[in-house]
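Protein chains in written order, with the working numbering: chain A, 1 to 265; chain B, 1 to 389; chain C, 1 to 340.
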Amino acid sequence: MSELRLVVCMKVVPKPEEVRVDRMTWRLDRARARAEMNPPDMNALEMALALKDIHAGRVTILSMGPPSFEPYLRLGLAMGADHVCLLSDAMFGGADTLATTYTLAAGIRKLGGADLIFCGEESSDGATGQVPPGLAEWLDLPQITLATQVSLDAAAGTLRGRREIFGGHEVLEMPIPAVVSVKAACNEPRFMDYRRKPWAFETGQVTVWDREDLNAEDSRIGVAGSPTVVSGLDEAAVRERRREFLHGTPDEIARALLERLDRGA
Amino acid sequence: MNAPPARVMDDELWDRFVEITGGAAAPCYQCGVCTATCPWGLVRQEPFSVRALIREAQLGLAGTGDSLWLCTACAQCEATCPRQVPVAAIMRALRSLSWEQRETLKGLPSVLWSVYWNNNPWSQPPSQRSGWAQGLDLPAYDPELHEILLYIGCTASYDRRAQRIARSLVKVLRAARVSFGILGDDEPCCGEAVLSLGHRDYFHELSQNTAGILHERGVHDFVTISPHAYDVFENHYPQIDGSFHPMHYTEYLSELITTERLHLPIQVDQRVTFHDPCLLGRRNGLYDAPRQVLSSITGVTLVEMEHHGADALCCGGGGGRMWMETPAGERFADLRVREAAATAAATIATACSFCIACLEDSLRSQKMQGVEVMDVVEIVARALGSDRR
Amino acid sequence: MASSIYTADEERKTVWVYLEQTDGRLEGVAVELLGRARLLADQAGWPLTGLVCGNQVGHLTEQAFMYGADDVWVADHPLLADFTVDAYAHVAFSALMHGKPSVFLAGATPNGRDLAARLAVRLRTGLNADCTDLRFDARRGILISEVTGFGGGVLALLEMPDHRPQMATVRAGVFPTEEPDPKRIGRVVKVPVDLPAETIRTKVIERVRGQRVDLTQVTALVCGGRGMNGDFSSLEHLARLLGGKVGATRPAVDEGLVGRERQVGQTGVVCRPKVAFVCGISGAFHFVVGIQNAGAVVAINSDPDAPIFEFSDYCVVGDVSSIVPALIEAIESRREAARV
């Protein structure tokens, strides 16, 4: 088998605790929020790099976003990836998952396909977990979601993956190419290789493609390609709790507690 | 008896090692005093052989395994080494090589990522760094207006127990009418976790960055809460500028007392024993200042533990070990609290949040009653009049 | 704008719910969804249809009717015995193209999410995932989905004006289980299944079901975290007394103290018990999200500044190892007294 082509879809997200809703415009204010790499995507990259350690291969980081994503994606090069491909176009903006997966799929086709496509299980901003299966559907590929471990039989062209569900686990096998969504925190992302870092940030290859490069249909990208419309936005109201402190000896507290719970019941 | 498996000398690794340590391991003549004094020998059957690690490093042998991560950088071995071999520095160099080979303990890459993304090793949100100071109205540091910059550090910013120390210190400084400011959410991490975990390159990058920020902000007299921060700024940072003068707060309080700026009118009747943090005492020779401060408080009876000053037993939290698991039964602090109890002191005073965490943990796990751990500044705050924890 | 495979003009005015089943039993979330979908359907004045796929699952229709379905479409086939997204998406897509419902809802279980996401793309429609509430605008015939983002800090209302079906997934425990009506009957529609074996690309090598602990249906939840110092025995005792279950935070699960299905919080289970005891847990937001729907929250923590107290009704600053046993004693002596 020729060199393994691994693609990792990554996204740069605002730190969730720093996002505010602008009450004047009812839009999300991410401007002042610090950015970070979506944590489950780091786990996805680690899984891909671990496979690259075993099989000869090339890891491409694929992302849809503005040019400001670039320095973050270069971190991935410092960790061990070989190439960054950024899909960037003003018209990609405002995309929901249908438009996002359409665009990413177009990017993968333009890359010439891949043997394995990794994504984090969900992103901290949208947290829908729809991108991996959606991407698999556009590319008509088998999938395994919430994978905690994978192994590749390169000769047979099959992937085995383990997912933990139903309080137990299952092991699935499928032919490659396939899409893998990686369970958050299932591994520990390696730190940057500082001997690789200068290359990563100076000469490391970053390809930027816009909608023309991808031959994307305008009606399927960005806002145009997004069936979902936001009709309202707010900062989530936290339910007000009593916050009543109970004092005394453990026995006194226990009795006081039971009394109050009875009353409330 | 089987011959031990042949070990392969790795020339490249040897070159890297010499480069990183500047040949510091060369003077070692394998006497073994280091191994004999290492506190790991108190809690393990097989002491951790410092001597063997140095030997392997001298020979350029690769793969030192998990024992490399045991070192707490307490410098007990350095204090007794007849050839002044800088053992802790050699440990860090070996750890640096481990990072290059991606052979570290589980959990450690996450600590570095935390410093990278969150500006602290505790995976806490950077936007909440100055949350501890809510309601205190602390001004942003201005070199024209303020005598000192109070450097809070990551642990006192985020750890609930350590936040109380920060608040006590604010009270004391205000009582002494010291004009000071803080850097708030913009306060850069000192990187001590990165240094002690041995990632030489990242520490270099971080320290350049932090030094740049402090220089830009015109920082001159600089007081830290943590001895770890103090140590790293004093001994491992590039030159920030001529006027940069780091101090540990115990030094500063001692000065304030000597110059009669800080008055401690209230009597505090406490029998206290002082636990020397390794980075304050053995590493930087600051044994006297904390004792002077405590002795200035009327009513405080200071007693010494069996091993104190230059002989003080490490709490186990240094050398990056706050981010590693130490199994019950192997914790130096368990021995230390028993030593403290033997002095009949009701209070163990110390001046390091890591020491406090380890000692309090040991008191809890051994269910010891009648002894509490307090930071020196918390005792000082009591002598001011109101004890608000 | 590219349209969905079938448009609003072509839709049939029905609400469909995917009734996920495992080993011949309906998933709790499917039943919860039926209950809410019944209310939406009534508001809309539209019929409610359930879709069941599996092998030998005809017996599930009765339960579906009891919980509110008017019709149940059943796709029954040996190749559907084990869930694979290939087989189920194939069959469900075919059924949806026949039925062309306006609304299609599914439970956000690991498999439900996979299925819904693939179907949404296959149908070229939108999907509002992990909704915290569903409402219906009867005048416009539009489903309004409420979702949270950014770790629960932001709430958004989403709609799909033009694309069909209007899809949404909901996690277990978000909606209550409504009272079943055993007298309800409905219509069974047998879905013809054309499923070539080569459609299924995934082989299930191994499937091990753990102890199916379902915290989402629990009425009393006793949660423990780091502050329990590795000892959950008192919590288990308390849970037994209350007829409830034990839950835990991520660190406790990581340490192997309890199984992962007991992890409460953002990345674990969201519950709605009548009472939640939170012991030795500091109360980070991602945990609180798991219990914020509880009737009453009791927090026990030795740290007076623990954030959990902000989110609690009754707060006890103390050592769990003395408070929990005292609570157990108090409950037991009450029961003793009641028996006498």
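Just so you know, even glycine gets a beta-carbon here, dropped at the ideal spot from N, CA and C.
_Let me make sure I understand the geometry here. Which of B:V172, B:R174 and B:E187 has the alpha-carbon closest to that of S157 (chain B)?_
B:E187
*By Cβ distance below 6 Å, which residues in the same chain neighbour E261 (chain C) in space, the five residues on each side in sequence not counted?*
V213
*Can you list the residues of chain C that G93 (chain A) reaches, using a CB-CB cut of under 9 Å?*
The premise fails here: G93 (chain A) is roughly 15 Å from chain C at the closest Cβ pair, so nothing lies under 9 Å.
*For Q30 (chain B), name the three-state secondary structure that DSSP assigns.*
coil
_Any C-beta of chain B within less than 7 Å: which residues of the region 11-39 of chain A qualify?_
K15, E17, E18, R34 and E36
*From the DSSP output, in three-state form, read off W73 (chain C) for me.*
strand
_Buried or exposed for V208 (chain A), going by 16 or more other Cβ atoms inside 10 Å?_
exposed
*Hey, how far is the Cα of V271 (chain A) from the Cα of T145 (chain A)?*
Residue 271 (chain A) falls outside the range modelled here, since chain A spans only 1 to 265, and no answer is possible.
*Within 7 Å (strictly less), CB to CB, does I323 (chain C) reach chain B?*
no
*asked:* With H, G and I counted as helix, E and B as strand and the rest as coil, what does DSSP make of I240 (chain B)?
replied: coil
*Of the choices A:N38, A:D115, A:S231 and A:A184, whose alpha-carbon is the least far from that of M174 (chain A)?*
A:D115
*Please go through the same chain and pick out, in chain order, the residues whose beta-carbon is closer than 6 Å to the beta-carbon of Q143 (chain A), but skip the five residues on each side of it.*
P133, A136 and V179
*Is it true that the CB of S3 (chain C) sits closer than 7 Å to the CB of L123 (chain C)?*
no
_Alpha-carbon to alpha-carbon, C315 (chain C) and R389 (chain B)_ = Low per-residue confidence applies at R389 (chain B): pLDDT is 37, beneath 50, and the placement is therefore not dependable enough to give any value.
*With a cut-off of 8 Å, do at least 3 Cβ pairs link the region 173-187 of chain B to the region 139-153 of chain B?*
yes
*Can you have a look at Q269 (chain A) and say buried or exposed, based on whether 16 or more other CB atoms are within 10 angstroms of its CB?*
Because chain A is modelled from 1 through 265, residue 269 (chain A) falls outside the range shown and cannot be assessed.
*Which stretch, first to last residue, makes up the beta strand (DSSP E) that contains E17 (chain A)?*
Note, E17 (chain A): premise wrong, no beta strand (DSSP E); not H, not E.
*Just the Cα atoms here: how many angstroms apart are N305 (chain C) and W73 (chain C)?*
It should be pointed out that residue 305 (chain C) corresponds to Asp in this sequence rather than to Asn. Cα to Cα, D305 (chain C) sits roughly 54 Å from W73 (chain C).
*Using a C-beta to C-beta distance shorter than 8 Å, which residues of chain C count as neighbours of R160 (chain B)?*
D303, D305 and A306
_Burial state of Y102 (chain A) (16 or more Cβ within 10 Å)_ = buried
*Measure the CB-CB distance between V170 (chain C) and L40 (chain C) and report whether it falls below 7 Å.*
no
*Quick one: does C315 (chain C) have its CB under 7 Å from some CB of chain A?*
yes
*So is A44 (chain C) in contact with chain A if we call contact Cβ pairs under 7 Å?*
no
*Since I believe C31 (chain B) is in contact with N392 (chain B) (beta carbons under 8 Å), could you give me their beta-carbon distance rounded to a whole number of angstroms?*
It is not possible to answer for residue 392 (chain B), since the shown part of chain B is limited to 1 through 389.
*What separation, rounded to the nearest whole angstrom, lies between the Cα atoms of H237 (chain C) and S321 (chain C)?*
13 Å
*Can the beta-carbon of R51 (chain B) be found closer than 7 Å to that of C34 (chain B)?*
yes
*Roughly how many angstroms separate the alpha carbons of R44 (chain B) and E330 (chain B), rounded to a whole number?*
7 Å
*asked:* Counting only Cβ pairs nearer than 7 Å, list the residues of chain A close to S312 (chain C).
replied: R241 and R243
*asked:* Only counting the same chain, and skipping five residues up and downstream in sequence, which positions put a Cβ closer than 6 Å to that of D387 (chain B)?
replied: Because D387 (chain B) carries a pLDDT of 44, less than 50, the predicted location of this residue cannot be relied on, and the following value inherits that uncertainty. Excluding residues within five positions, none has a Cβ falling inside 6 Å.
*Compare the Cα-Cα distances from A33 (chain A) to each of B:Q128, B:V18 and B:S67 and report the closest residue.*
B:Q128
*Taking contact to mean at least 3 C-beta pairs separated by less than 8 Å, is the region 249-269 of chain B in contact with the region 195-205 of chain B?*
no
*Do you know how far the Cα of C53 (chain C) is from the Cα of R321 (chain B)?*
54 Å
*What residues from chain A crowd round R102 (chain B), counting only those whose CB sits closer than 7 Å?*
R190
*Roughly how many angstroms separate the alpha carbons of T202 (chain C) and G225 (chain C), rounded to a whole number?*
38 Å
*Note the first and the last residue of the continuous beta strand (DSSP E) segment covering W209 (chain A).*
V206 to W209
_Just to confirm the assignment, what range does the beta strand (DSSP E) spanning M47 (chain A) have?_
No beta strand (DSSP E) contains M47 (chain A), which is instead part of the alpha helix (DSSP H) from P39 to I54.
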